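Asks:
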Amino acid sequence: MLTCVVYIFSVPYTICERASERERERERERERERERERERERERERERERERERERERERERERERERERERERERE
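Take 287 as the starting number for the sequence shown in our numbering and just add one per residue.
#1: Hey, how far is the Cα of residue 358 from the Cα of residue 319?
#2: Indicate the three-state DSSP secondary structure (helix, strand or coil) for residue 341 in the structure shown.
#3: Consult DSSP for residue 363 and reduce its assignment to one of helix, strand or coil.
#4: Between the alpha carbons of residue 348 and residue 317, how many angstroms are there, rounded?
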């Protein structure tokens with residue numbers, strides 16, 4: 287492995303170390319972005335579930351209304 291040493295403020299510092307640090311930082315940023323995307327997907331799924339629940343509630347309400355209507359029809363007869 288080629289090691290290039292540079293002096294920054296009179297301290298030996300390898301370019302390879304700097305590149306490695308930058309790569310680790312980029313990897314951490316990519317991981318944070320993946321986590322944010324997973325969180326956005328979980329939120330979208332929760333919203334879809336809430337919408338399904340609202341739709342089920344609307345359907346139950348329509349069914350109750352139909353039942354009341356049938357009951358009124360029976361009373362009229």
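All C-beta atoms, glycine included, are put in the ideal place defined by N, C-alpha and C. In this text the structure is predicted, and so the values were computed from the model without any measurement.
Replies: Once the coordinates are examined:
#1: On the sequence shown, residue 358 is found 72 positions in, with the first residue counted as 1. On the sequence shown, residue 319 is found 33 positions in, with the first residue counted as 1. Taking the straight line from one Cα to the other gives about 58 Å.
#2: Translated into positions along the sequence shown, residue 341 becomes position 55. Helix, per DSSP.
#3: The sequence position of residue 363 within the sequence shown is 77, counting from 1. Looking at residue 363 - three-state DSSP - the assignment turns out to be coil, as it is neither helix nor strand.
#4: Start at 1 with the first residue of the sequence shown, and residue 348 comes out as number 62. Start at 1 with the first residue of the sequence shown, and residue 317 comes out as number 31. Whole-angstrom Cα-Cα distance: 46 Å.
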